[in-house]
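J.: The sequence shown begins at -10 in the working numbering and counts up by one. No residue lacks a Cβ here, since even glycine has one placed at the ideal position from N, Cα and C.
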Amino acid sequence: MDKTQQSGATVFEGISPQELGGMLKCLKAREREFEKGTRILQGGERVTELGLVRCGSVLIQNDDIWGHTTILARVGPGELFAETYACSGEPLMVDVVAAEPTKVLFLQISQVLHTCPNNCDGHSKLIGNLLKVLAQKNLVLSRKISYTSARSIRGRLMAYLSDQAKANQSHSFTIPFDRQQLADYLNVERSALSNELSKMCREGLISTNRSQFQLLSHGGLER
-10 MDKTQQSGAT VFEGISPQEL GGMLKCLKAR EREFEKGTRI LQGGERVTEL
40 GLVRCGSVLI QNDDIWGHTT ILARVGPGEL FAETYACSGE PLMVDVVAAE
90 PTKVLFLQIS QVLHTCPNNC DGHSKLIGNL LKVLAQKNLV LSRKISYTSA
140 RSIRGRLMAY LSDQAKANQS HSFTIPFDRQ QLADYLNVER SALSNELSKM
190 CREGLISTNR SQFQLLSHGG LER
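(1) Would you give the residue range spanned by the alpha helix (DSSP H) that G10 belongs to?
(2) Closer than 7 angstroms by C-beta to F162: which residues in its own chain qualify, once you throw out the five before and the five after it? Chain order, please.
(3) Would DSSP call R19 helix, strand or coil?
(4) Quick check on N118: does DSSP put it in helix, strand or coil?
(5) Quick one: using the 10 Å Cβ neighbour count with 16 as the cut-off for buried, is D84 buried or exposed?
(6) Excluding sequence positions up to five away, which residues of its chain have a Cβ less than 8 angstroms from the Cβ of M189?
(7) Identify the continuous beta strand (DSSP E) that holds S141 and give its terminal residues.
(8) Please return the same chain residues whose Cβ sits closer than 6 angstroms to the Cβ of T27, not counting the five positions on each side in sequence.
(9) Using a Cβ distance threshold of 8 angstroms, determine whether the region 44 to 51 contacts the region 114 to 124, with at least three qualifying pairs required.
As structure tokens, this is what we get:
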């Protein structure tokens, strides 16, 4: 296991590679690899571990009984998933699916939340970092609610693309979703999404190629 890569993860921020080596044993860390499309966790399960994506990415999604999928988030390298359910003990209300070949480091939540007898500084930093991650995820959820609260598909698209431009500090950027995933994330039909994107391109508002976007104009942003 490459500990130097893990020390770059947000939850391990401020923890030296030397500290991390001993902590991973204390946290009963285990690593697994998943192929694209593998269901890592399934709704209804109870989990006692949080997952840290080492490489690749996973989709947090909800599949209803009619077979409709809503993507709630995409989790990339250095980011966590299932930590809320591991902390609360509540059964999962979502599925976690590998979006591509992915490596995940699983950590026992009981070991994360309770410091070991050594009471090392690194463990205290870990708990503080976990609180920051939870706060950041609340902000992400708030943004998603703002996207889907827009009445029109264009409104949802522009709210999302505007935030992506701000996050990348550029009007040109690549989003982490393909067309179907973007439609699922914004909770709209793929065909309707594609039609609206085509209209926006014709109107000179944006240009797009697959997951690459460029914002060209601030006009026509009715919501």
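T.: Per the coordinate set shown:
(1) Run containing G10: P6 to C15, per the alpha helix (DSSP H) assignment.
(2) Once the five neighbours on either side are set aside, the close Cβ partners of F162 are Q153, A154 and F202.
(3) It is a strand residue.
(4) Here N118 sits in helix by DSSP.
(5) Its Cβ being crowded by 16 or more others within 10 Å, D84 is buried.
(6) If you ignore the 5 residues before and after M189, its C-beta comes within less than 8 angstroms of the C-beta of R143, L146, I195 and G209, all in its own chain and listed in chain order.
(7) DSSP places S141 in no beta strand (DSSP E); its state is neither H nor E.
(8) Within the same chain, and ignoring the five residues on either side of T27 in sequence, the residues whose Cβ sits closer than 6 angstroms to its Cβ are A87.
(9) Judged by Cβ distances under 8 angstroms, the region 44 to 51 makes no contact with the region 114 to 124, as fewer than three pairs qualify.
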